[in-house]
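Accompanying notes for the structure given below.
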Amino acid sequence: MPLKDAPGRETVASNCSVCHTLDYIRTNAPFMDRQIWTAEVGKMVNAFSAPIAPDDQAKIIDYLVKNYGK
Amino acid sequence: MLSRRQILAGAGGGVLLSGTSILVRGAHAAGAPLIPGLPAGEYDTAVLDALPGKKPLIKLSYRPPNYETPADYFKTEITPNDAFFVRYHLADIPQSIDPQKWRLRVGGEAAASPFELTLTELQSGFQQVEITAVCQCSGNRRGLSDPHVPGVQWGIGAMGNAVWRGVRLKDVLAKAGLRAEAIELVLNGADGPVIDKTPDFVKSIPVWKGLDENTLIAHTMNGAPLPHWNGAPARLIVPGWTATYWTKHIISIDAVTKPFDGFWMKSAYRIPTGKFPVIDRFISQETLANTPITEIVVNSLITSPADRSRQPVGRPVEISGIAWDGGYGIGRVEVSADDGRTWREAQLGKDGGRFSFRPWSYRFVPERAGTSRIIAKASNRAGQTQADSLIFNPAGYHNNVPRPVTIVAS
């Protein structure tokens, strides 16, 4: 499991790896802040129709900001 | 949904992992020869890896595959097929396409005589032409954006130069009875999204660009059938324009009378209108705020010597490199060893055509012990020159700031 072991990891891994590698998270780090991670997750849901429940979206954004953001 | 394991198994077995890593000063511990300046996370993630049929390339992602070419391969003007970069947006990629069963549907509302093309017809039913052209990802060098922006964090290797052989798109459109009302050609390939609702990677080009004599449907690359990962059995070649339009595994071309409004045209691959000095514009897609990326901007790369090479004082060092642009032709390459105070012209090498990498060389003699920063900048025949500083844009496109190398003389 390539992602950092922290709360929310499973939610991220199970939702995001449906469509693509988790390397996208690791390589787009650590320069993205909450605003940018929120926009990226929003793009996945709104533009690409990723089936992510709103609660999970919040968990995912928190995990990304804390572990792969600034 | 295809996993990498499935893709590899389907392609017939072993991964061609080489035991030797490419030794480049500054290479990360994982062996991938990454340039400095990329997002920190990439140095922990990128590795050298070999897709079936490919040499070890710099893996930025497995699924979908995004692999870039290590810098050493650009020492020759033609990029070998097995070192050519690989880029996909969407992960549902066919394991293989049976060349006998492949069909290219040419039609749309502005085609009077739609038809389906087979590979045999593509290879023998039309005049065959060859063109040497650089295929460069719109986002090449995005990893060097400052500040960094989201996306595939390419270094310098999402590009390659090849001899493409195929038929003129205009000849195929003539057979399809292209109507005068056509304004765009909508292009689709056989790869697609994992989830049905994700927009498929469908692009359009202006009809005038499709009718350009250099726009080809290619089946052969550097004398061999297109590699699977580079779009077998046929792909579009749009010389001078970025690779987003070079549809891989092409299966349909539709002539339309209204601007295509798919996601990957309307909401992706756009640059701020007027921010870049490009000449070709995609007017039917342009808005006040933004416009589709079109031409490759003039650019260059020093391929030798490597950064921070040690050289003896007083002896000439041959600086070599390549230069390329959107097809206006390289006019000159200038080199400075004094931080841009003075410039001298490099010698241009063999001209492989206006869409090809143009080699150049410059003889530099370090006169004193110490470091010298060698800057090369290219200009094309349309009067464009590489930007002095980054023209920032949120998608990280068009990075053509010169990339100096340092020589350490003693």
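In order, the protein sequence lines correspond to chains A and B. The numbering of the first sequence is my numbering, which starts it at 5 and goes up by one. The numbering of the second sequence is my numbering, which starts it at 304 and goes up by one. C-beta atoms are modelled at their ideal positions from N, C-alpha and C, and glycine is treated no differently. Keep in mind that this is a model prediction, so the values were computed, not measured.
Please report how far the alpha carbon of residue i lies from the alpha carbon of residue j, in whole angstroms.
i	j	result
B:L393	A:K47	15 Å
B:T597	A:K74	34 Å
B:G454	B:G617	45 Å
B:A343	A:D27	13 Å
B:P595	B:L539	18 Å
B:R613	B:G458	24 Å
B:W627	A:K8	41 Å
B:I574	B:G673	41 Å
B:G686	B:G632	10 Å
B:P679	B:P359	Rather than Pro, the amino acid found at residue 679 of chain B in this sequence is Ala. Those two C-alpha atoms are separated by around 29 Å.
B:I694	B:V601	13 Å
B:L447	A:A57	34 Å
A:Y33	B:E345	Just to set this straight, residue 33 of chain A is Ala in the shown sequence, not Tyr. Between A:A33 and B:E345, the C-alpha separation is close to 8 Å.
B:E621	B:F660	18 Å
B:T545	B:R671	42 Å
A:I29	A:I40	12 Å
B:P705	A:D59	46 Å
A:V45	A:D66	11 Å
A:P11	B:P367	26 Å
B:I365	B:N517	For clarity, residue 365 of chain B is Tyr in the given sequence; the question names Ile instead. Each residue's Cα considered, the two are about 33 Å apart.
B:G329	A:T31	Only weak support is given to the placement of B:G329: the predicted model assigns it a pLDDT of 40, under 50, and the value that follows is read from those uncertain coordinates. If you take the alpha carbons of B:G329 and A:T31, they lie about 18 Å apart.
A:A43	B:A527	43 Å
B:L604	B:S570	31 Å
A:V16	A:Q61	9 Å
A:T25	B:D503	18 Å
B:Q403	B:E424	11 Å
B:S664	B:A436	21 Å
B:H552	B:L519	14 Å
Who does residue i pair with in a DSSP beta bridge?
i	result
B:Y370	B:K362, B:V389
B:F667	B:V620
B:W271	Outside the shown range of chain B (304 to 713) lies residue 271 of chain B, about which nothing can therefore be said.
B:G673	B:A712
B:F658	According to DSSP, B:F658 bridges with nothing at all.
B:W544	B:E598
B:I633	B:N683
B:I678	B:S639
B:R714	The requested residue 714 of chain B does not occur in the structure, where chain B is confined to residues 304 to 713.
B:P528	B:T523
B:V409	B:F418, B:I556
B:R613	B:V711
B:N593	B:P575
B:V350	B:K362
A:G73	A:M36
B:D395	B:G495
Within 10 angstroms of its Cβ, does residue i collect 16 or more other Cβ (buried), or is it exposed?
i	result
B:D610	buried
B:A592	exposed
B:S675	buried
B:N369	buried
A:N19	buried
B:G340	exposed
B:S692	exposed
B:A335	buried
B:D642	exposed
A:I64	buried
B:Q456	buried
B:Q588	buried
B:P619	exposed
B:Q439	buried
B:G492	buried
B:R300	The structure shown has nothing for residue 300 of chain B, since chain B only spans 304 to 713.
B:A415	exposed
B:I625	buried
B:D564	exposed
B:E371	buried
B:P718	Since the first residue shown for chain B is 304 and the last is 713, residue 718 of chain B is missing from the structure and cannot be characterised.
B:S507	buried
B:A477	exposed
Practice task
Tell me, please, whether the region 501–518 of chain B touches the region 354–366 of chain B by the rule of three or more beta-carbon pairs shorter than 8 Å.
Solution key: no
Exercise for the section: Note down, one range per segment and in chain order, each beta strand (DSSP E) of at least 3 residues found wholly within the region 437–514 of chain B. Expected result: 462–471, 487–492, 505–509
Problem - At least three beta-carbon pairs within less than 8 Å, the region 375–388 of chain B to the region 404–416 of chain B - result: no
Problem - Cβ pair count under 8 Å reaching 3, the region 559–579 of chain B against the region 686–700 of chain B - result: yes
Problem - Stretch-stretch touch, CB-based, cutoff 8 Å, three pairs: the region 387–401 of chain B with the region 480–490 of chain B - result: no
Practice task
Could you say if the region 465–483 of chain B and the region 421–440 of chain B meet the contact criterion of at least three C-beta pairs nearer than 8 Å?
Solution key: yes
Exercise for the section: Could you tell me whether the region 529–547 of chain B touches the region 473–483 of chain B, using the rule of 3 or more Cβ pairs below 8 Å? Expected result: no
Practice task
Determine, using beta-carbon pairs with one atom in the region 490–505 of chain B and one in the region 42–57 of chain A, whether at least three such pairs fall under 8 Å.
Solution key: yes
Practice task
Ignoring anything shorter than 3 residues or poking outside the region 414–440 of chain B, list the beta strand (DSSP E) runs there in chain order.
Solution key: 418–420, 431–439
Problem - 4 or more residues per run - each alpha helix (DSSP H) lying fully within the region 6–58 of chain A - result: 13–20, 27–31, 38–50
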